[in-house]
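Peer 1: The sequence shown maps to residues -12 to 200 in the numbering used here. Think of the CB as a built atom: it goes at the ideal place given N, C-alpha and C, for glycine as much as any other residue. Quick caveat: nothing in here was measured; it's all calculated off a predicted structure.
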Amino acid sequence: MGRCHLAGTPSRPGSGQRHTRRCGGAFRPARRPSSAGARLGSIEAMSTEARPHSAGAEAGSARATADPLALDRQVCFALSVTNRAVLSVYRPVLEPLGLTHPQYLVMLALWGDAPMSVKEIGRALQLDSPTLSPLLKRLESLGLITRTRSPQDERQLVVDLTDAGRALRNRAEAVPETVVRRLGVSLAELEELHDVLTRINAAALRAGALDQH
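1. Whose C-alpha, out of 86, 118, 68 and 98, is nearest the C-alpha of residue 156?
2. Could you tell me the distance, in whole angstroms, from the CA atom of residue 108 to the CA atom of residue 168?
3. Can you have a look at residue 90 and say buried or exposed, based on whether 16 or more other CB atoms are within 10 angstroms of its CB?
4. Taking the continuous beta strand (DSSP E) assigned at residue 172, which residues delimit it?
5. Using C-beta distances below 8 Å, list every residue in its chain close to residue 177, excluding the 5 sequence neighbours before and after it, in chain order.
6. For residue 183 and residue 153, what's the separation of their Cα atoms in angstroms?
7. At the level of alpha carbons, what is the spacing between residue 163 and residue 81?
8. Tell me, please, which residues DSSP counts as bridged to residue 135.
9. For the putative contact between residue 224 and residue 148, defined by C-beta atoms under 8 Å, what is the C-beta separation to the nearest angstrom?
10. Using DSSP's beta-bridge definition, name the partner residues of residue 104.
11. I need the straight-line Cα distance from residue 145 to residue 55, nearest angstrom please.
12. Note down the Cα distance separating residue 78 from residue 116, rounded to an integer number of angstroms.
13. Do you know whose CA, among 175, 93 and 140, lies nearest residue 124's CA?
Now the structure itself:
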């Protein structure tokens, strides 16, 4: 049977040496983690704590330094440029129909709800009378619409489609698909854009930015 020597107890009389207890490895001190492992753990902990703070600080700094009047950050500028770009896509598609884009919009309203009063067309297109009247005169000269006084109220002009105007609808049915194809944007993206623009327009109307007729 092995012998156990307690700390402070000489192993042999007169030896003068002290030993720790040696039974089955008892009282052995726990091993310390290697210095490399300890350093790695510390680095990971520091990195985990520092990353969110650093990202947040960078984002805050970017917001603080962003110029609110930078041209490329203005929604009005983006809408204006996009409007011109999209109209340039419509132009060659509408030319075979003999229509400009504003005239095309008037025809869209009439293809959906003719006959309509001039006020109803203006309300649908959000156009005032001085802007709308020349469009109607031109469409009438093209033989696509008629303008007559309302039997109920002679102060009102009623706009209706001619046979030629109704027939033009069949040719115009290819316009939306052609424009989407030329834009190279998915239908889902365009529908999402339409929804966003509709909400913006409604908000602008509520704010009184556009004149309702």
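Peer 2: With the structure as the only source:
1. 98
2. 29 Å
3. buried
4. No beta strand (DSSP E) contains residue 172, which DSSP labels as neither H nor E.
5. 167 and 170
6. 31 Å
7. 11 Å
8. 145
9. This structure cannot settle anything about residue 224, because the visible part of the chain is limited to -12 through 200.
10. 145
11. 47 Å
12. 24 Å
13. 93
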